[in-house]
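These notes concern the structure reproduced below.
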Amino acid sequence: MTARVLIRPKQGILDPQGQAVERALPALGFEGVTNVRVGRLIELEVDDPARVPEMCERLLANPLVEDYEVLITETADSST
Amino acid sequence: MTARVLIRPKQGILDPQGQAVERALPALGFEGVTNVRVGRLIELEVDDPARVPEMCERLLANPLVEDYEVLITETADSST
Amino acid sequence: MSTLAAHRELGLTDAEYEGIVDRLGREPNGLELAVFSLMWSEHCAYKHSKKLLRRLPTEGPHVVMGPGENAGAVDVGDGLVAAFKVESHNHPSAVEPFQGAATGVGGILRDVFAIGARPIAILDSLRFGELDSPRSRYLFDWSVQGIGHYGNSIGVATVGGEVAFEPSYEQNCLVNAMCVGLARRDRLIRSAASGPGNPLVLMGARTGRDGIGGASVLASAELGEEDASKRPTVQIGDPFEEKRLLECCLELLDRDSLVALQDLGAAGLSSSASEMASKGEVGLDIDVSTVPLREDDMEPFEIMISESQERMLCVVEPERLQELLEVCERWEVRATQIGEVTDSGRLRILDGDESVGDMPVTALVDDCPLYDLEPEEPAQPIYPDPPVRIAADADAAETLMAVLGAPTVASKRFVFEQYDSMVGSRTVRRPQSADAAVLQLAPDGGHGALAVSIDGNGRRVACDPYTGAVEAVLECALNLACVGAEPLGLTNCLNFGNPEKPHIAWQLTRAVEGLRDACLALGVPVVGGNVSLYNEGGGGPIYPTPIVGMVGRLPDPERVPVSGFTQEGHAIALVGPFAPSLAGSELDKLRGHMSDGLPEVTLERHAEALGALRAAVRTGELVTAHDVSEGGLATALAESCIEGGLGARVDLAPLRETLGHSDRLTALFGEGPGGAVVAGPREVVSALPGAILMGEVGGTSLLIEGDLELEVAALDERFEGAIPAAFA
Amino acid sequence: MRFGVLRFPGSCDEVDALGACRRYADAELIWHGDLDLGGVDAVVVPGGFSYGDYLRAGAIARFSPAMEAVADFAVSGGPVLGICNGFQVLCEAGLLPGALLPNTSLRFVCRQVDVEVVNADTPFTRACTEGQALSIPVKHTTGRYWAPPETLEELEAGGQVILRYAPGQNPNGSVRDIAGVANAQKNVMGLMPHPEHAVDPLTGSADGGTLFASLVAHVDELVATA
Ligand SMILES: Nc1ncnc2c1ncn2[C@@H]1O[C@H](COP(=O)(O)OP(=O)(O)O)[C@@H](O)[C@H]1O
Ligand SMILES: [Mg+2]
Chain A
15 MTARVLIRPK QGILDPQGQA VERALPALGF EGVTNVRVGR LIELEVDDPA
65 RVPEMCERLL ANPLVEDYEV LITETADSST
Chain B
15 MTARVLIRPK QGILDPQGQA VERALPALGF EGVTNVRVGR LIELEVDDPA
65 RVPEMCERLL ANPLVEDYEV LITETADSST
Chain C
13 MSTLAAHREL GLTDAEYEGI VDRLGREPNG LELAVFSLMW SEHCAYKHSK
63 KLLRRLPTEG PHVVMGPGEN AGAVDVGDGL VAAFKVESHN HPSAVEPFQG
113 AATGVGGILR DVFAIGARPI AILDSLRFGE LDSPRSRYLF DWSVQGIGHY
163 GNSIGVATVG GEVAFEPSYE QNCLVNAMCV GLARRDRLIR SAASGPGNPL
213 VLMGARTGRD GIGGASVLAS AELGEEDASK RPTVQIGDPF EEKRLLECCL
263 ELLDRDSLVA LQDLGAAGLS SSASEMASKG EVGLDIDVST VPLREDDMEP
313 FEIMISESQE RMLCVVEPER LQELLEVCER WEVRATQIGE VTDSGRLRIL
363 DGDESVGDMP VTALVDDCPL YDLEPEEPAQ PIYPDPPVRI AADADAAETL
413 MAVLGAPTVA SKRFVFEQYD SMVGSRTVRR PQSADAAVLQ LAPDGGHGAL
463 AVSIDGNGRR VACDPYTGAV EAVLECALNL ACVGAEPLGL TNCLNFGNPE
513 KPHIAWQLTR AVEGLRDACL ALGVPVVGGN VSLYNEGGGG PIYPTPIVGM
563 VGRLPDPERV PVSGFTQEGH AIALVGPFAP SLAGSELDKL RGHMSDGLPE
613 VTLERHAEAL GALRAAVRTG ELVTAHDVSE GGLATALAES CIEGGLGARV
663 DLAPLRETLG HSDRLTALFG EGPGGAVVAG PREVVSALPG AILMGEVGGT
713 SLLIEGDLEL EVAALDERFE GAIPAAFA
Chain D
2 MRFGVLRFPG SCDEVDALGA CRRYADAELI WHGDLDLGGV DAVVVPGGFS
52 YGDYLRAGAI ARFSPAMEAV ADFAVSGGPV LGICNGFQVL CEAGLLPGAL
102 LPNTSLRFVC RQVDVEVVNA DTPFTRACTE GQALSIPVKH TTGRYWAPPE
152 TLEELEAGGQ VILRYAPGQN PNGSVRDIAG VANAQKNVMG LMPHPEHAVD
202 PLTGSADGGT LFASLVAHVD ELVATA
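Chains as they are written, first to last, in this note's numbering: chain A, 15 to 94; chain B, 15 to 94; chain C, 13 to 740; chain D, 2 to 227.
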């Protein structure tokens, strides 16, 4: 099965990347964009999806400064 | 509305981050994990979700080396 | 909150709390208590170290700014000064190594440009547990990446540093960062606020909940099991923000637009504002409702103590305010007037028009009770013997390989290749190519160069706090002499355990006495530094670790020797009052032994020898100069072979004769201050006063008569491979 | 002959690049907010972390006003040299083919390397000889050059691969050891090594100077024949 881990900076934790993107968008004519947060996406094929949260705690995410969310999908999808 | 942009390296392009994660997991006792890909997650509040793909093409992703996927959700969610 | 219950939570003793009530003439409210608890913390008030620090010599012909300002400064000629300081970020790095180390660099950079100097170099001094511990590998790896991330991104060269691995740092790593800056003497600015009515402007990042309580919680309490609970206070560094802030501040100083400038560090606005007011003997009114926030629901007390990074505070005359805002705009730096200078002598905190705090500045800055240490020499050694790592019957060759492969001795290429060591185009000697980093003052090298070194050996200080501290100063001075530099000033960071324990107090006292005596003997003033106490994890106290950073000047960078051998046939000699002993040596450690005491050092002889070596180097005739430190003479010779890719044939019999004893292992691996390996044309080398000729450069192996012969390729592989191997 | 060196808020090596240019000709800094290049004869997009290099190295810088001017300048045949972050910016801007990805080591690497001149017949390398080895430092985290196979064939065929890392010295995993490439017209070049940090033996090497010398010769020739 394919697990998707969505990792984002914790609320309240400074997110320089998100700030940079938020500052850049209006200049490109994209108005009305707020709360930009830049995080990481990790996709993996796992035999046992139940263990993914544990992987996040121990390796994939930095629980100190990041929140994560696990999405399980039946099959991989990597098209646009 | 909240848009989630999932960005991942195109198939066929070496993903050293994914490889590093794949190498590290067994050492921590996580077996049976394959095809690890590490990409970016970008979350933004947008007035007009229809423009997000355009933002991806122009700024958020580099279409030459990255695939992206846009998910629109009604409200923000940033908890674990 | 009920403040009476709260003060202990915040780390204040009942007596200190009473002192606060006295000075206020009433009970403090929550905000006031929070501010006092930080201003009166060890980190900000130096309450256990201030009296001791007064013993350090701070006067010297070159001193322009001494302790008390954000960084010290020495005159380097041509109307220029070098500003420098070392600071610790130990506990934040133990909690989150990447951000802890990164923000440590960000903080020391701000201390240097806060006095108007452009940072030109960073050095780092790191201590971790042994590399066979996964936690130590993790802390080491991510601290290094954090330092690189910040320094590389902001564009300041990281030109040197040191790393050592000892069991005592397993629970409590040390991350000390030093920054050196350059300024035109007439551009220096102080942090004293003045001119009642002058606006107080906050520049840089928005204020968030970063490091709330960081100073008192992270920096002044022993790390226990509950680290995790302290984690939410982790600060995130943004080098891009600081880069703009740096350029913006330097442009404002070039335009002479500022009255005073101060960085925000530990305790945030509370500390910076009261320091500025105290130095200028004025008062400040601050309206927290004007401070730009990252989270809108912050309490006034949170705003006052937040340790959000990349912020500076300045005082400007009303008629220059507009200009200041325009310069900030151009650099995309947020700038907001958050208050003004008053003549009240008080720090008044307003939330809109409601007063939420009102404290006498002197009470905050000067009235924190200072404590006398109660030093007591421990009856028996307090540190366990390290694990045995070498066979008792190992021969000289096996021993050399073992020593070269010890991570503390081995090449730090893994570290310094992750640092940009050349941005700024000043770096004449990169890491490992000479004993001290050499930075030319002008692009053409024509105006001479600075030499910088940072050193300390906690294990030797643990063996003998006084002599160990003396040796730290001597090693820095020797590193400088090896590139022909004369020391101008010294900074230091005192990393110790809990000073309320008598044996730690004893270590601290003896170490400071050692620093003092060495500085006096060499005529090097202490212009600044930092103290980090309570470095104790579950495993007990760290080795006492005074770190010394020294800045010197040399006339001609074209003449600076390298640490490697460069030419077949060059004569090799040992110079300096080198009296090797296995006590406290790397070999002693590998054998699982912790010595009690180190051989005494005669400072006068070292002062003389340093002058002689410096003079010899300055002639430009010496091609190679490399000091003998960890691992002893055999290691120093091996390093010069490896660095130059050339072999050497030497005989240590003349040395053993001079030493008057015949122990081969002591001559090979014994350690002690003051020795340097030099090489060059025979007539030059043999003419050196007191030089002991050992042999000459040549061949593909290091041959030490009657002791060992090893291929340079094999030495190289061991030396360069040891640390990468730990990560394989 | 006058060089213009771009300056973004997060540039780091712009002053070094300015100093390097000035060893060979006049040079001035161009602020990222300027729409006008002030009539310079050649443009250097320097190293550093233009806008913090957040999101992707060079992704945000490419949209700065000065970069629009640089794009026009390039289209009109003006020589543009992108160094490190400048290379990343030029790729993001589509002025050069391919992309720069994180080093396979995933670490920043600062190291002196030898690069081989593959094509000495360009405005940037005419003072070199083909096959010549130049000792120049690299310092970056995102220097792994990548382009699709068909693009690589075009590059090789068109002589657009200008510099290669010497065998065994590829510091970042770049495809085919590519260290520097040019556009089809050869008036835009990007490289990961830092020639501006190799203009003086005292600081390590002077080999990088040949790139600046080449540009000066190129421009002088244009002026002469104009
Ligand atoms: N070990 C020391 N030796 C000499 N001066 C010191 C030492 N430790 C701290 N100081 C001086 O005390 C002052 C306050 O130190 P610190 O709180 O670290 O400064 P800052 O708040 O600017 O970071 C500085 O001027 C520093 O140079
Ligand atoms: Mg300060």
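Even for Gly, the Cβ is constructed at its ideal location relative to N, Cα and C.
Shown here for E68 (chain B): not one same chain residue has a beta carbon closer than 6 angstroms to its own, the five before and five after excluded. According to DSSP, residue pairing for Q113 (chain D) in a beta bridge involves D:P138.
Interface criterion met: the Cβ of N164 (chain C) is under 8 angstroms from a Cβ in chain D.
For the segment 33–58 of chain D, the residues whose beta carbon sits under 7 angstroms from a beta carbon of chain A are, in order, Y52, G53, Y55 and L56.
When the Cα atoms are used, P40 (chain B) and T87 (chain A) turn out to be separated by approximately 22 angstroms. Taking the Cα of A726 (chain C) as reference, the smallest distance to any Cα among C:E655, C:E81 and C:G540 is reached at C:E655. Interface with chain D (8 angstroms Cβ-Cβ cutoff): R256 (chain C) is included. Close to chain B, meaning a Cβ-Cβ distance shorter than 8 angstroms, are the following residues of the segment 59–70 of chain D: A60, I61 and F64.
If the five residues before and after Q31 (chain A) are omitted, its C-beta is found closer than 8 angstroms to the C-beta atoms of V52, all from its own chain and listed in chain order.
Straight across, the Cα-Cα distance linking G53 (chain D) with G11 (chain D) is about 6 angstroms. Within the same chain, G91 and L92 come within 7 angstroms of R196 (chain C) by CB-CB distance, once the 5 residues on both sides are set aside. Beta-bridge partners of Q349 (chain C) (DSSP): C:V213. Residues of the same chain with a CB within less than 6 angstroms of the CB of L486 (chain C), apart from the 5 flanking positions on each side, are H618 and P685 in chain order. Unbroken alpha helix (DSSP H) stretches of 4 residues or longer found wholly inside the segment 78–137 of chain C: 102–107 and 109–125, given in chain order. At a cut-off of 8 angstroms between C-beta atoms, V79 (chain A) counts as an interface residue with respect to chain C. Exposure of L107 (chain D) is indicated by the presence of fewer than 16 other C-beta atoms within 10 angstroms of its C-beta.
V689 (chain C) is bridged by DSSP to C:L586 and C:H638.
The beta carbon of L43 (chain C) sits closer than 7 angstroms to those of P312, F313, M316, I361, V368 and G369, all from its chain and outside the five residues before and after it, given in chain order. For I27 (chain A), the chain C residues whose Cβ falls inside 7 angstroms of its Cβ are I248, in order along the chain. The beta-bridge partner set that DSSP reports for L192 (chain D) consists of D:I84 and D:G181. Residue burial annotation: Y162 (chain C) is buried, with at least 16 other C-beta atoms found within 10 angstroms of its C-beta. By DSSP's assignment, N542 (chain C) forms a beta bridge with C:C505. For S206 (chain D), the beta-bridge partners assigned by DSSP are D:D201. Residues of chain C with a Cβ closer than 9 angstroms to the Cβ of P67 (chain A) do not exist; the shortest Cβ-Cβ separation is about 17 angstroms. At a cut-off of 8 angstroms, the C-beta of E732 (chain C) has no neighbouring C-beta in chain A.
Remark: fewer than three beta-carbon pairs, one from each stretch, lie closer than 8 angstroms, so the segment 181–200 of chain C and the segment 284–292 of chain C are not flagged as touching. Nearest C-alpha to H582 (chain C) among C:G710, C:N507, C:A624 and C:S593: C:G710. E71 (chain B) does not reach chain A, its nearest Cβ partner there being about 10 angstroms away, counting only Cβ pairs nearer than 7 angstroms. Selection C:T420, C:T557, C:S437 and C:A740 evaluated against A461 (chain C) yields C:S437 as nearest (Cα-Cα).
Here L599 (chain C) carries a helix assignment [DSSP, helix/strand/coil]. Three or more Cβ pairs closer than 8 angstroms define a contact, and the segment 670–683 of chain C falls short of that threshold against the segment 543–552 of chain C.
Leaving aside the five residues that flank R256 (chain C) on each side, the residues in its chain whose CB is nearer than 7 angstroms to its CB run, in chain order, W343, E344 and V345. Membership of E88 (chain B) in any alpha helix (DSSP H) is not indicated, and neither H nor E is assigned to it by DSSP. Between E616 (chain C) and G564 (chain C), the C-beta gap is not smaller than 8 angstroms, which leaves the two residues out of contact. A direct Cα-Cα distance of roughly 6 angstroms separates F4 (chain D) from V44 (chain D).
Taking a beta-carbon distance threshold of 8 angstroms, L42 (chain A) counts as an interface residue toward chain D.
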